[in-house]
Amino acid sequence: MASLESGGQPLGQQRASLQLSRPPSFSIATTITIGNGEKISFWNSAWIQSLRTKDLAPSVYTISKKKNRTLQEALTSNAWIMDLNLLHPSFSARLFAEFLQLWKNVQQSGQFSISSAYHAQFIGAISTNLNEIIWSAWAPPKCKFFSWLAVQDRIWTADRLQARGWMHNPACVLCRKVPEIGMHLFSKCRFTRSIWADISTWLAEPSLHPINWKQTASIHEWWSVLPEIQGVPRKGFKSLVILVCWKVWLERNARIFNRTEAPSFVVTTKIGDEASLWTMAGVMHLTRLIGRV
Numbered sequence: 054m055a056s057l058e059s060g061g062q063p064l065g066q067q068r069a070s071l072q073l074s075r076p077p078s079f080s081i082a083t084t085i086t087i088g089n090g091e092k093i094s095f096w097n098s099a100w101i102q103s104l105r106t107k108d109l110a111p112s113v114y115t116i117s118k119k120k121n122r123t124l125q126e127a128l129t130s131n132a133w134i135m136d137l138n139l140l141h142p143s144f145s146a147r148l149f150a151e152f153l154q155l156w157k158n159v160q161q162s163g164q165f166s167i168s169s170a171y172h173a174q175f176i177g178a179i180s181t182n183l184n185e186i187i188w189s190a191w192a193p194p195k196c197k198f199f200s201w202l203a204v205q206d207r208i209w210t211a212d213r214l215q216a217r218g219w220m221h222n223p224a225c226v227l228c229r230k231v232p233e234i235g236m237h238l239f240s241k242c243r244f245t246r247s248i249w250a251d252i253s254t255w256l257a258e259p260s261l262h263p264i265n266w267k268q269t270a271s272i273h274e275w276w277s278v279l280p281e282i283q284g285v286p287r288k289g290f291k292s293l294v295i296l297v298c299w300k301v302w303l304e305r306n307a308r309i310f311n312r313t314e315a316p317s318f319v320v321t322t323k324i325g326d327e328a329s330l331w332t333m334a335g336v337m338h339l340t341r342l343i344g345r346v
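Rendered as structure tokens:
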């Protein structure tokens, strides 16, 4: 259970007690001219409040797969976030708290203009209900982080790989029927919907069956509407949505990278087992949901 919390402390306490590492005195005394960001290092230059990003968030820096990006590269299409290895063994509550603080600092560092797209993206993100549907739910940090990306269509699905000209299989590997996009993967795919149908039966809650879902036009709308289903404990269900999407993503990756396949009922079983572990970790809202069966 140590992987669900860091040092036995809940995430809120971790975040409150987080102390930022101080950079070398050289960095503090150096003035950074940002310009267009082409010659500034995202991680190694002191461009946020005269602090180096890797000193602001050392744990986040550790899991970055590309530590030499320029500021311009890192902020374009949120590349610095896409570079993070969500499956890194050091992913912890402290790392998650560092990420949240760094993300906030990046948003607030508006004294320069890298691209209008960058500003538009973050302004849009601030105005959404991400805190309500993702951050306020209980889930391990890596699952929340993944969900935060997924709900904004920022995970590496086939459509996004194609847009960047990277090698990919355009078809959804779960159903092999239609092109893979986030909306399809988590809400439209017959494989995923079969999982939700099984969960509906498991929890004896017909309203969770996909045939009873409201029609939605985007992954963000779907994620926002789903926890509003009447008769289902809302807080526990928000955690369950995160868990189901996480397990669907892991199965998708297993098929692509490991050449292994599990039928939908096996994934449903894994979801049930993981949900039980979460309740043992003290997730009372989820306990109220699955404890009814």
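54 is the number of the first residue of the sequence shown in the working numbering; add one for each residue after it.
We treat Cβ as the ideally placed atom computed from N, Cα and C, and that holds for glycine.
Please classify residue i: is it buried, with 16 or more other beta-carbons within 10 angstroms of its beta-carbon, or exposed?
{"i": "residue 259", "result": "exposed"}
{"i": "residue 77", "result": "In this prediction, residue 77 scores a pLDDT of 43, lower than 50, which makes its location untrustworthy; the coordinate-derived value is nonetheless stated afterwards. Classification for residue 77: exposed."}
{"i": "residue 102", "result": "exposed"}
{"i": "residue 152", "result": "buried"}
{"i": "residue 339", "result": "buried"}
{"i": "residue 304", "result": "buried"}
{"i": "residue 330", "result": "exposed"}
{"i": "residue 319", "result": "exposed"}
{"i": "residue 140", "result": "exposed"}
{"i": "residue 95", "result": "buried"}
{"i": "residue 290", "result": "buried"}
{"i": "residue 201", "result": "buried"}
{"i": "residue 218", "result": "exposed"}
{"i": "residue 75", "result": "With a pLDDT of only 40 at residue 75, under the threshold of 50, the placement of this residue in the model should not be trusted, and no figure is reported."}
{"i": "residue 244", "result": "buried"}
{"i": "residue 229", "result": "exposed"}
{"i": "residue 309", "result": "exposed"}
For the alpha helix (DSSP H) that contains residue i, what are its first and last residues?
{"i": "residue 199", "result": "194 to 203"}
{"i": "residue 282", "result": "Premise fails: residue 282 is in no alpha helix (DSSP H) and is neither H nor E."}
{"i": "residue 111", "result": "111 to 116"}
{"i": "residue 329", "result": "317 to 333"}
{"i": "residue 247", "result": "243 to 255"}
{"i": "residue 337", "result": "337 to 343"}
{"i": "residue 215", "result": "211 to 216"}
Just to check my reading of the structure: residue i and residue j have Cβ atoms closer than 8 Å, yes? What is that Cβ distance to the nearest angstrom?
{"i": "residue 272", "j": "residue 235", "result": "5 Å"}
{"i": "residue 124", "j": "residue 100", "result": "6 Å"}
{"i": "residue 145", "j": "residue 194", "result": "7 Å"}
{"i": "residue 233", "j": "residue 216", "result": "Not confirmed; about 13 Å, so no contact."}
{"i": "residue 255", "j": "residue 325", "result": "7 Å"}
{"i": "residue 196", "j": "residue 295", "result": "5 Å"}
Cα-Cα, which of the options is closest to residue i?
{"i": "residue 205", "options": "275, 97 and 117", "result": "275"}
{"i": "residue 257", "options": "343, 224 and 105", "result": "343"}
{"i": "residue 279", "options": "240, 92, 232 and 333", "result": "240"}
{"i": "residue 138", "options": "208, 282 and 244", "result": "208"}
{"i": "residue 327", "options": "216, 270, 311 and 192", "result": "192"}
{"i": "residue 321", "options": "298, 108 and 154", "result": "298"}
{"i": "residue 113", "options": "149, 135, 97 and 93", "result": "149"}
{"i": "residue 93", "options": "269, 288, 122 and 190", "result": "122"}
{"i": "residue 154", "options": "109, 119 and 182", "result": "109"}
{"i": "residue 130", "options": "213, 251 and 107", "result": "213"}
{"i": "residue 341", "options": "284, 226, 126 and 323", "result": "284"}
{"i": "residue 248", "options": "315, 189, 268 and 230", "result": "315"}
{"i": "residue 292", "options": "312, 337 and 317", "result": "337"}
{"i": "residue 221", "options": "185, 306 and 135", "result": "306"}
{"i": "residue 268", "options": "251, 295, 294 and 237", "result": "237"}
{"i": "residue 203", "options": "134, 261 and 229", "result": "134"}
{"i": "residue 246", "options": "263, 333, 230 and 253", "result": "263"}
{"i": "residue 350", "options": "198, 261, 225 and 242", "result": "Residue 350 lies beyond the residue range present for the chain, which begins at 54 and ends at 346; the question has no answer from this structure."}
{"i": "residue 288", "options": "310, 313 and 184", "result": "184"}
At a threshold of 8 Å, does residue i count as lining the ligand SAH (C-beta to nearest heavy atom)?
{"i": "residue 230", "result": "Of ligands this structure carries none, so the ligand SAH is not represented either."}
Can you find a CB in chain C that lies within less than 9 Å of the CB of residue i?
{"i": "residue 93", "result": "The displayed structure is made up of one protein chain only, and chain C is not part of it."}
Next item on the list: Any chance you could list the alpha helix (DSSP H) runs of at least 4 consecutive residues sitting entirely within the stretch 124 to 161, in chain order?
Entry: 124 to 128, 132 to 135 and 146 to 161
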